Structures are given as C-alpha cells and as structure tokens.
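Engineer:
In our numbering, the protein residues as written are 8 to 311.
#1: Between the alpha carbons of residue 188 and residue 58, how many angstroms are there, rounded?
#2: By DSSP's criteria, residue 199 is part of a beta bridge. Which residues make up the other side?
#3: Using a Cβ-Cβ distance under 7 angstroms, would residue 270 count as near chain C?
#4: Put residue 112 into one of helix, strand or coil per three-state DSSP.
#5: Extract the residue ranges of the alpha helix (DSSP H) inside the stretch 13–76, only unbroken runs of 4 or more that lie entirely within it.
#6: Is residue 192 helix, strand or coil by DSSP?
#7: Taking Cβ positions, are residue 179 and residue 203 nearer each other than 7 angstroms?
#8: Please determine, among 255, 194, 247, 196, the residue with the shortest C-alpha to C-alpha distance to residue 223.
#9: Give me the residue from 113, 21, 96, 92 with the minimum Cα distance to residue 104.
#10: When DSSP labels each residue in this structure, what does residue 86 get in the three-state scheme?
#11: By how many angstroms is the C-alpha of residue 303 removed from the C-alpha of residue 25?
#12: CA-CA distance, residue 18 and residue 52?
#13: Closest by CA to residue 35, which one among 289, 61, 14?
#14: So if DSSP puts residue 145 in a beta bridge, which residue, or which two residues, is it bridged to?
#15: Measuring CA to CA, which of 241, 87, 160, 15 is closest to residue 183?
#16: What did DSSP end up calling residue 218 once you bin it into helix, strand or coil?
#17: Does the stretch 129–140 come close enough to the stretch 162–176 that 3 or more CB-CB pairs lie under 8 angstroms?
#18: Report, in whole angstroms, the separation of the C-beta atoms of residue 119 and residue 156, which I expect to be a contact under 8 angstroms.
#19: Can you give the beta carbon distance from residue 147 to residue 134, rounded, assuming they're within the 8 angstroms contact cut?
#20: In angstroms with no decimal places, state the Cα-to-Cα distance between residue 130 and residue 261.
#21: Taking DSSP as the reference, what is the three-state secondary structure of residue 93?
#22: Which same chain residues end up closer than 7 angstroms to residue 127 when comparing Cβ atoms and leaving out the 5 residues on each side of it in sequence?
#23: Grab the span of the alpha helix (DSSP H) containing residue 181 for me, first residue to last.
#24: Does the Cβ of residue 96 have 16 or more other Cβ atoms within 10 Å, making it buried, or fewer, making it exposed?
#25: Go to residue 132, then tell me how far its alpha helix (DSSP H) extends in each direction, as first and last residue.
#26: Does residue 243 come out as helix, strand or coil in the three-state DSSP assignment?
#27: Given a cut-off of 7 angstroms on the beta-carbon distance, is the pair residue 78 and residue 114 in contact?
#28: Could you tell me which of 22, 55, 273, 69 sits nearest to residue 102, measuring between CA atoms?
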C-alpha cells in the first residue's frame, strides 16, 4: 500500500471532536454528527474522534467503535478521518485499529499506552505489533503529560524505519527540542502534528503538517485559517492568529481537557455539558471565566 496520498492530504487542522453525552450519560450520536458538521462548515481539514478530547477511557470498546462508525458516516468522505484507536490494553488497540481500517478510515491515531509506563523496547514492540497487524496509516500519539512516558526520538525513528505505515506523530510534547529532532531523524516528509496549542504555529515553521488541537472544537474557523494562511505564505496573518487564539487556548486548558471545552460547547448551545466520572465540569469560577472569554471572542449561542 502506498502512503504518499495520505501524506499529501492529511494536513492542516485535524479537529479532535469531543464525545457528547446526554443528561443520562448515554452517547449522543445526533449531537456528535452536529459537531462534525460544525467543523466541516468552518473549514477543518480533517476529523478525529476518540482521542483525548473524546474521553476514550470513559467509553466501552463497543461505544468507541460506534462513535467511529457514526463519525465515518457523517463525514461521508468529505475530509480525511483519523480516529484514535489506542488504549492501555494492547489487544484492544489492535482490535480498534483493525475496526478503523475495516470501516475505511484514512489513518488511525495510536496513543502511547497510559498508566502502565512501558520502557522504550516495550513501546517499540507494542507499536510495531499494531502496525504490522494492519495496512492503515498509523499516527503515533505521544503525550507524556497523560501517559507518564515519553516515546523517545530514537524509538520513534526506529519504528518509522521498520514500519512503512507509521506515517506521522501527534506530539503533545512541550519540549520543542524533542519535536525538532523528530523531524530530523524521522524524515522531513514525516507528518508531524502539534497537540500543544501554543506550538501549533511554531510547529509549522519547522515543517510540521498541522495540528490536532482541542481548541478547534470551539473556534474551528480560526484554527483552520491559521494553517491556510501559512500554506498561502501569509506568515504575518498566521502569526496574528497564533497570538489572537492564545487567550482562548489558555482558558480552555485551565482544567483537564475536555472539561473546559465541553463547558464552552454547552454555553454555545452545541451539547449538554456532560462528562462521565471520574471527569467533571470545571469550577463555577472557571466556567465564568470561560463564558467571559467566549464573549470576548464573539463566540456564543449564535454559533449553534
């Protein structure tokens, strides 16, 4: 299978859409479809679900498959689709990645296993076994703040060399030296996506492919516009958007993602602001700050 086509088209703002729940905590598939339409109407270049923003650890395996299937049906080929299929469980990761491949997803995003802290050799074996089990392009998701383990550059470069279908990485890594070395040792055509909001613009400057930013849930148009401006060579406009989005980025990460994002989407009339325990909504004071920030950005129920 050739992977040049996916490397060409899976670029820009890949929106990591939240998983909406009803008041009774059931998955709200109708609202999920509405959120995806909102993304497509506002220029997001691709869609992901069941990544960190999608609360995958709060979903059953069957729910994760249904969320992916509903997203796939809603997108209907209009933009690329790269769902999160990783888990702390190796066999479940393979199962979900195979499901993504079977339904025709364009790529699968596989997180470094969280909680159990594998060493680098175990991480290599985990990702290689997953990659060897499928032909679908794989995007490694490295988020040390959630997993308590960093996938080192040497390990990632080894995987890229040994697994033709590992085509990129979402780096939610504040170490900008690390991400520079990822590009150096994994190749300049490697698809590097920023998962750190304040690094979305700087990542483009070193040859990054785009971002997978939770802020896109709330302000998809400007997040996508930043990438468009960069691709068009309008560096000044891209810089302006980088700084314009900073205050919104900051407030949406004053509590654990996706709690602030879901609170904001509730204020926008998009969803019921419900999370499954052990996650919960932000404090009342932070919700007030989010509300004020949305007003400053002219984001309100009129966006619903």
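The beta carbon of each residue, even a glycine, is placed where N, CA and C say it ideally should be. From a predicted model like this one, the values you see are computed outputs, not experimental measurements.
Structural biologist: Checking against the coordinates, here is how it stands:
#1: Here the C-alpha atom of residue 188 lies approximately 24 angstroms from the C-alpha atom of residue 58.
#2: 176, per the DSSP bridge assignment.
#3: Here there is only one protein chain, and chain C is not present.
#4: In this structure, residue 112 counts as coil in the three-state DSSP scheme.
#5: The stretch 13–76 is shown to contain whole alpha helix (DSSP H) runs of 4 or more residues at 36–48, in chain order.
#6: Assigned with DSSP and collapsed to three states, residue 192 falls in helix.
#7: Contact flag set, yes.
#8: Cα-wise, what sits closest to residue 223 is 255.
#9: Ranking 113, 21, 96, 92 by Cα distance to residue 104 puts 92 first.
#10: Annotated three-state conformation of residue 86 is coil, per DSSP.
#11: Residue 25 and residue 303: Cα-Cα distance of roughly 23 angstroms.
#12: Taking the straight line from one Cα to the other gives about 7 angstroms.
#13: Checked all of 289, 61, 14; the closest Cα to residue 35 is 61.
#14: The partner list for residue 145 (beta bridge, DSSP) reads 115, 173.
#15: Of the listed residues, the one whose Cα sits closest to residue 183 is 160.
#16: Note: residue 218 maps to strand in three-state DSSP.
#17: Yes, since at least three Cβ pairs between the stretch 162–176 and the stretch 129–140 fall closer than 8 angstroms, the two stretches touch.
#18: Contact flag correct, Cβ pair sits at about 6 angstroms.
#19: Right, the Cβ-Cβ distance comes to about 6 angstroms (below 8 angstroms), so this counts as a contact.
#20: Between the alpha carbons of residue 130 and residue 261 lies a gap of roughly 30 angstroms.
#21: Of the three classes helix, strand and coil, the one that applies to residue 93 here is coil, per DSSP.
#22: Around residue 127, the same chain offers 159, 162 as residues with beta carbons nearer than 7 angstroms, after the five sequence neighbours per side are excluded.
#23: Taken as a continuous stretch (DSSP letters only), residue 181 belongs to no alpha helix (DSSP H), as it is neither H nor E.
#24: The residue in question, residue 96, is exposed, as its Cβ has fewer than 16 Cβ neighbours within 10 Å.
#25: Membership of residue 132 in the alpha helix (DSSP H) is indicated by the continuous run 127–139.
#26: Three-state result, residue 243: helix.
#27: No, Cβ-Cβ distance for residue 78 and residue 114 is not below 7 angstroms.
#28: When the alpha-carbon of residue 102 is set against those of 22, 55, 273, 69, the nearest one is in 69.
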